[in-house]
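In order, the protein sequence lines correspond to chains A and B.
Each step along the first sequence adds one to the number in the working numbering, with nothing skipped, and position 91 is 91.
Throughout, the working numbering is defined as the position within the second sequence, counted from one, plus 110.
All residues carry an ideal CB built from backbone N, CA and C; glycine is no exception.
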Amino acid sequence: QKEVEQDPGPLSVPEGAIVSLNCTYSNSAFQYFMWYRQYSRKGPELLMYTYSSGNKEDGRFTAQVDKSSKYISLFIRDSQPSDSATYLCAMSVGTYKYIFGTGTRLKVLA
Amino acid sequence: EAGVTQSPTHLIKTRGQQATLRCSPISGHTSVYWYQQALGLGLQFLLWYDEGEERNRGNFPPRFSGRQFPNYSSELNVNALELEDSALYLCASSFGQGGETQYFGPGTRLLVL
Chain A
1 QKEVEQDPGP LSVPEGAIVS LNCTYSNSAF QYFMWYRQYS RKGPELLMYT YSSGNKEDGR
61 FTAQVDKSSK YISLFIRDSQ PSDSATYLCA MSVGTYKYIF GTGTRLKVLA
Chain B
111 EAGVTQSPTH LIKTRGQQAT LRCSPISGHT SVYWYQQALG LGLQFLLWYD EGEERNRGNF
171 PPRFSGRQFP NYSSELNVNA LELEDSALYL CASSFGQGGE TQYFGPGTRL LVL
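Here you go:
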């Protein structure tokens, strides 16, 4: 079993939809949870960074961590075609060794 | 503020050769991390350097090595290249080790023929 599981998609949604992206994990020691966005042929760009459980909001993005269920989510409100990218979840026990999901490809249709 | 930079953007080598990839971290960042992103796979942790020392390495063979220079820039060397080494190699940097977020560069795309 992989430490971090992420549905690869692709996920296609119409413009303006609410998008829900999810990851599950098996290591209960993970404390730091990140979401990155990666456009084609580019490096990952940090979107959200959370420590431990709870919700964090930043503009149209909300990150949610449920440590009891070992489940994290990223919600995108009012999705735009420019949100079309691969979304990677990442998590770590300490601060250096990030374990990444394989990424979910999102396509927002105009 | 300049982000993480990597060079070259693309690199083509043949099997058995050596490849050298370079990374310059964000100014003020002392930690540099290397990841491999092969097609269809997630990012795999390769190496972590901090203050000039190798602090940790992932599950990769010893022919993957590197170093960090006094100015905190870093070099990744891959010896005896194999076809399956073809991947996007990403460098990230962070400010120290204390729970700081990693910021990624654009990557070097290595193709081994």
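Whole-angstrom distance between residue j and residue i, CA atom to CA atom
i	j	result
I99/A	A17/A	29 Å
Q128/B	N189/B	4 Å
S52/A	F214/B	23 Å
W158/B	V114/B	15 Å
D195/B	L221/B	8 Å
T24/A	M34/A	13 Å
K107/A	L74/A	15 Å
C201/B	V142/B	7 Å
Q64/A	Y36/A	14 Å
Q6/A	G101/A	5 Å
Contacts of residue i in chain A (Cβ-Cβ under 8 Å)
i	result
T211/B	M34, L46 and Y49
W225/B	Any question about residue 225/B goes unanswered here, given that chain B covers just 111 to 223.
L153/B	P44, L88, A90, Y98 and F100
G215/B	G43
Beta-ladder partner(s) of residue i, from DSSP
i	result
Q154/B	Q146/B
D21/A	Looking at the sequence provided, one finds Leu at residue 21/A rather than Asp. According to DSSP, L21/A bridges with L74/A.
T115/B	S134/B
T218/B	Y199/B
N166/B	W158/B
Q127/B	Its beta-bridge partners do not exist; DSSP assigns none.
N187/B	T130/B and S175/B
Contact set between residue i and chain B, taken where Cβ atoms lie within less than 8 Å
i	result
K67/A	Near K67/A there are no residues of chain B at all, since even the closest Cβ is about 17 Å away, more than 8 Å.
Chain A contact residues for residue i, given Cβ-Cβ distances below 9 Å
i	result
N166/B	Y96 and K97
Y143/B	Y96, K97 and Y98
Chain B residues whose Cβ lies nearer than 9 Å to that of residue i
i	result
F30/A	By Cβ distance, chain B contributes nothing, its closest Cβ being about 13 Å from F30/A, past 9 Å.
Contacts that residue i makes with chain B (C-beta to C-beta distance below 7 Å)
i	result
T86/A	Chain B residues near T86/A: none, gap ~10 Å exceeds 7 Å.
G9/A	Under the 7 Å cutoff, chain B gives no residues; its nearest Cβ is about 13 Å from G9/A.
G103/A	G152
Cβ neighbour criterion (16 or more within 10 Å) applied to residue i
i	result
P135/B	buried
I76/A	buried
A85/A	buried
A90/A	buried
Y182/B	buried
Y71/A	exposed
Partners in chain A for residue i, counting only beta-carbon separations shorter than 7 Å
i	result
Y199/B	Near Y199/B there are no residues of chain A at all, since even the closest Cβ is about 10 Å away, more than 7 Å.
Practice item. Could you tell me which uninterrupted beta strand (DSSP E) segments, each at least 3 residues in length, are contained entirely in the segment 70–109 of chain A, listed from first to last along the chain? Key: 71–76, 85–92 and 104–109
Review point. What residue ranges within the segment 28–73 of chain A form continuous beta strand (DSSP E) runs of no fewer than 3 residues, ordered along the chain?
Key: 32–38, 45–51, 54–58 and 61–66
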